[in-house]
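So the structure is just underneath, and the comments pick up after that.
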Amino acid sequence: MTDAIVVGAGPNGLAAAVLLARAGLGVHLIEAADTLGGGLRTSELTLPGFLHDECSAVHPLALASPFFRAFELGRRIDLVVPEVSYAHPLDGAPAALALRSLEQTAHRLDAHRAGDGRAWQNLLGPLVARAEGIARATLDQLLQLPRDPAAAALFGLATLEQGTPLRTRRLVGPAPAALLAGVTAHIPGPQPSLMTAGGGLALAVTGHTGGWPVAVGGSASIARALAEDAVAHGVTIETGRRVRHLDELADADAVILDVSPEQFRDLAGGQLPLRYRRTLARYRRGVAACKVDFALSGPVPWSDPELHRTATVHLGGTREQIARAEGEAAAGRHPEHPYVLVTQPTAYDPSRAPAGKHTLWAYTHVPNGSALDVSGRIIEQIERFAPGFREVILATSVRTGRDLAAHNLNYAGGDFMGGEVSLTQMLRRPVLSPVPWATPLPRVFLGSASTPPGPAVHGLGGYYAARTALSRVFGIHSLPYLGVRG
Numbered sequence: 191m192t193d194a195i196v197v198g199a200g201p202n203g204l205a206a207a208v209l210l211a212r213a214g215l216g217v218h219l220i221e222a223a224d225t226l227g228g229g230l231r232t233s234e235l236t237l238p239g240f241l242h243d244e245c246s247a248v249h250p251l252a253l254a255s256p257f258f259r260a261f262e263l264g265r266r267i268d269l270v271v272p273e274v275s276y277a278h279p280l281d282g283a284p285a286a287l288a289l290r291s292l293e294q295t296a297h298r299l300d301a302h303r304a305g306d307g308r309a310w311q312n313l314l315g316p317l318v319a320r321a322e323g324i325a326r327a328t329l330d331q332l333l334q335l336p337r338d339p340a341a342a343a344l345f346g347l348a349t350l351e352q353g354t355p356l357r358t359r360r361l362v363g364p365a366p367a368a369l370l371a372g373v374t375a376h377i378p379g380p381q382p383s384l385m386t387a388g389g390g391l392a393l394a395v396t397g398h399t400g401g402w403p404v405a406v407g408g409s410a411s412i413a414r415a416l417a418e419d420a421v422a423h424g425v426t427i428e429t430g431r432r433v434r435h436l437d438e439l440a441d442a443d444a445v446i447l448d449v450s451p452e453q454f455r456d457l458a459g460g461q462l463p464l465r466y467r468r469t470l471a472r473y474r475r476g477v478a479a480c481k482v483d484f485a486l487s488g489p490v491p492w493s494d495p496e497l498h499r500t501a502t503v504h505l506g507g508t509r510e511q512i513a514r515a516e517g518e519a520a521a522g523r524h525p526e527h528p529y530v531l532v533t534q535p536t537a538y539d540p541s542r543a544p545a546g547k548h549t550l551w552a553y554t555h556v557p558n559g560s561a562l563d564v565s566g567r568i569i570e571q572i573e574r575f576a577p578g579f580r581e582v583i584l585a586t587s588v589r590t591g592r593d594l595a596a597h598n599l600n601y602a603g604g605d606f607m608g609g610e611v612s613l614t615q616m617l618r619r620p621v622l623s624p625v626p627w628a629t630p631l632p633r634v635f636l637g638s639a640s641t642p643p644g645p646a647v648h649g650l651g652g653y654y655a656a657r658t659a660l661s662r663v664f665g666i667h668s669l670p671y672l673g674v675r676g
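Residue 191 is where the sequence shown starts when you use the numbering used here, and the numbers rise one by one after that.
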């Protein structure tokens, strides 16, 4: 018997299937691709024996997500947490490092310029002390009253400071300014802005608490752990099937859709009220990414060897240079000198490449719908801080924004964030509602990155959608145990 059908087997769809099955329901999971995982797939994209994450590679929210904590992800797979959460090289100066220890980070920043460490500690120290409350506030939907008002207030004030021109008053030195700008640019959009600042601060807090883990074996190991638990609790999985209309799912009491608003509108056809359809039609897409995967003959020849201490490196230079590049991408242009996010997973997981070899993962922001291969600009930015990088490249695999859209239907135009990350759209993601996972169709729920809390690998969009379905459709209000038994 099928009580619920989940469409889409990305992290959100898999999380929904796990929760529904653990609650005792019969669940069928349908995935259009031949493999599970969505943004958690890992493949040999370049050469045999070189494993590359197809989307997400480092997972700052894997240890902070309420769902993954309840699921006890760390007991199911090997997560390696580097001592240095992320790093930011600078021209003609030592790299700025964000260590898991806030105190050690501040000490190193003071070596760049007296007072830089204290400024960093004064900004992030109060937030790190309230990390639990900040995680609850940022990993839910913004219309909900915060459970920890003091944490929310502290976070709001810090976001207001760093999301406006006031940001230059505290982080004056080039090292802390660039270090925060690099993590802030994980959220595409103009800098400064409230949403990029809020997202950057939330990520920076995780860097000083649980850290930024790498999944051994690739991000696909997270998807496998979710799928294995789902199957162990009775979920049936069907791959290679693209659902084209909700009528195909009529046998289930509840349907959870890990799909984009555009896909939901098409699936529902004329079943949705006109006002809701118009709201979905106004949903805005953000910038895209151009991603390059590298097979390397050896490690990246960083000018600063300290960069080998982390899995995540942010390239782009100063705070002002990053703001310029991100502003150009948001305005629909391809930056000549882009911000580049780099991960070097084989520094912590050598199983992903043949002995002595390495993989590298890098992307930059480009206009939505872009078909331009900007891998040359990405390589130039890496060479800027790692002279001789071209000489260790064995092979590359490039996916433009248009390629990403073809690879994953949720990445419309190559937007891998599930929609524009702006304040207004985060409030109405995809609609303005205290329960945005519910839809006008009583048995249909939306649970993707286009619903709160938005993008990243946390599983919470699907988890919240499934939780809403359990309550509204099945009258189940007590959530089941999700952890490892025994």
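Ideal placement from N, C-alpha and C gives every residue a C-beta, glycine not left out.
What you are looking at is a predicted structure, and each value in this text was computed from that prediction instead of being measured.
Identity of the residue in the options nearest residue i by Cα
{"i": "residue 251", "options": "644, 480, 661, 655", "result": "644"}
{"i": "residue 353", "options": "379, 260, 566", "result": "379"}
{"i": "residue 576", "options": "498, 243, 629", "result": "498"}
{"i": "residue 520", "options": "560, 223, 496", "result": "560"}
{"i": "residue 491", "options": "534, 466, 481, 274", "result": "534"}
{"i": "residue 532", "options": "226, 312, 246, 223", "result": "246"}
{"i": "residue 237", "options": "469, 483, 581, 396", "result": "483"}
{"i": "residue 412", "options": "671, 667, 262", "result": "262"}
{"i": "residue 486", "options": "586, 213, 524", "result": "586"}
{"i": "residue 671", "options": "468, 657, 626, 332", "result": "657"}
{"i": "residue 392", "options": "337, 409, 314, 477", "result": "314"}
{"i": "residue 200", "options": "212, 191, 229, 213", "result": "229"}
{"i": "residue 232", "options": "266, 664, 410, 584", "result": "410"}
{"i": "residue 488", "options": "556, 517, 583", "result": "583"}
{"i": "residue 425", "options": "203, 479, 468, 650", "result": "203"}
{"i": "residue 196", "options": "637, 650, 673", "result": "637"}
{"i": "residue 541", "options": "258, 573, 389, 242", "result": "242"}
{"i": "residue 612", "options": "255, 334, 382", "result": "382"}
{"i": "residue 471", "options": "460, 462, 452", "result": "452"}
{"i": "residue 648", "options": "328, 554, 553, 659", "result": "328"}
{"i": "residue 618", "options": "325, 334, 212", "result": "334"}
{"i": "residue 526", "options": "562, 615, 653", "result": "562"}
Residue i - containing beta strand (DSSP E), residue span
{"i": "residue 276", "result": "274-280"}
{"i": "residue 435", "result": "Looking at the DSSP string, residue 435 is not in any beta strand (DSSP E), and its letter there is neither H nor E."}
{"i": "residue 287", "result": "283-289"}
{"i": "residue 555", "result": "548-556"}
{"i": "residue 321", "result": "Taken as a continuous stretch (DSSP letters only), residue 321 belongs to no beta strand (DSSP E), being part of the alpha helix (DSSP H) at 321-328."}
{"i": "residue 681", "result": "The structure shown does not extend to residue 681, since the chain is modelled only from 191 through 676, so no value can be given for it."}
{"i": "residue 447", "result": "444-447"}
Close-in-space but distant-in-sequence residues of the same chain around residue i (CB under 6 angstroms, 5 per side omitted)
{"i": "residue 193", "result": "215, 216, 443"}
{"i": "residue 543", "result": "240, 536, 549"}
{"i": "residue 436", "result": "457, 458"}
{"i": "residue 565", "result": "482, 588"}
{"i": "residue 296", "result": "307, 310, 311"}
{"i": "residue 607", "result": "476, 645"}
Cut-off 7 angstroms between Cβ atoms - residues of its own chain near residue i, not counting five sequence neighbours on either side
{"i": "residue 306", "result": "299, 300, 363, 365, 366"}
{"i": "residue 270", "result": "403, 404, 406, 538, 539"}
{"i": "residue 222", "result": "431, 432, 599"}
{"i": "residue 351", "result": "357, 360"}
{"i": "residue 679", "result": "Lying outside 191 to 676, the shown extent of the chain, residue 679 is not represented and no answer is given."}
{"i": "residue 475", "result": "558, 602, 603, 605, 609, 610"}
{"i": "residue 415", "result": "263, 266, 267"}
Range of the contiguous alpha helix (DSSP H) that encloses residue i
{"i": "residue 396", "result": "384-397"}
{"i": "residue 483", "result": "No alpha helix (DSSP H) holds residue 483; the beta strand (DSSP E) holding it covers 478-486."}
{"i": "residue 194", "result": "Run containing residue 194: none in the alpha helix (DSSP H); it sits in the beta strand (DSSP E), 194-197."}
{"i": "residue 206", "result": "201-212"}
{"i": "residue 256", "result": "256-261"}
{"i": "residue 455", "result": "451-458"}
{"i": "residue 418", "result": "410-422"}
{"i": "residue 740", "result": "Any question about residue 740 goes unanswered here, given that the chain covers just 191 to 676."}
{"i": "residue 234", "result": "Where residue 234 is concerned, there is no enclosing alpha helix (DSSP H), given that its DSSP letter is neither H nor E."}
{"i": "residue 300", "result": "292-302"}
Residue i CB to nearest heavy atom of the ligand HEM below 6 angstroms
{"i": "residue 288", "result": "This structure lacks the ligand HEM; in fact it carries no ligand of any kind."}
Nonlocal neighbours in the same chain, by C-beta distance under 8 angstroms from residue i, ignoring five residues either side
{"i": "residue 557", "result": "477, 478, 519, 522, 523, 524, 591"}
{"i": "residue 234", "result": "240, 241, 242"}
Using 8 angstroms as the cut-off, can you tell me whether the stretch 592-600 makes contact with the stretch 614-632, which would need three or more C-beta pairs spanning the two stretches below that distance?
no
Is the stretch 367-375 touching the stretch 285-299, taking contact as three or more C-beta pairs under 8 angstroms?
yes
For the 8 angstroms Cβ check, are there 3 or more pairs between the stretch 418-427 and the stretch 204-213?
yes
Where in the stretch 561-649 do unbroken runs of the beta strand (DSSP E), each at least 3 residues long, occur, reported from the N-terminal end onward?
583-589, 634-636
Can we say the stretch 607-622 touches the stretch 257-274, given the rule of at least three CB pairs closer than 8 angstroms?
no
For the stretch 484-551, which segments carrying the beta strand (DSSP E) assignment without a break, of at least 3 residues, lie completely within its bounds, in sequence order?
502-505, 530-533
Cβ contact (3+ pairs, closer than 8 angstroms) linking the stretch 499-513 and the stretch 323-343:
no
Starting from the N-terminal side, write out each stretch of the alpha helix (DSSP H) that is 4 residues or longer and does not extend beyond the stretch 342-388.
357-360, 364-374
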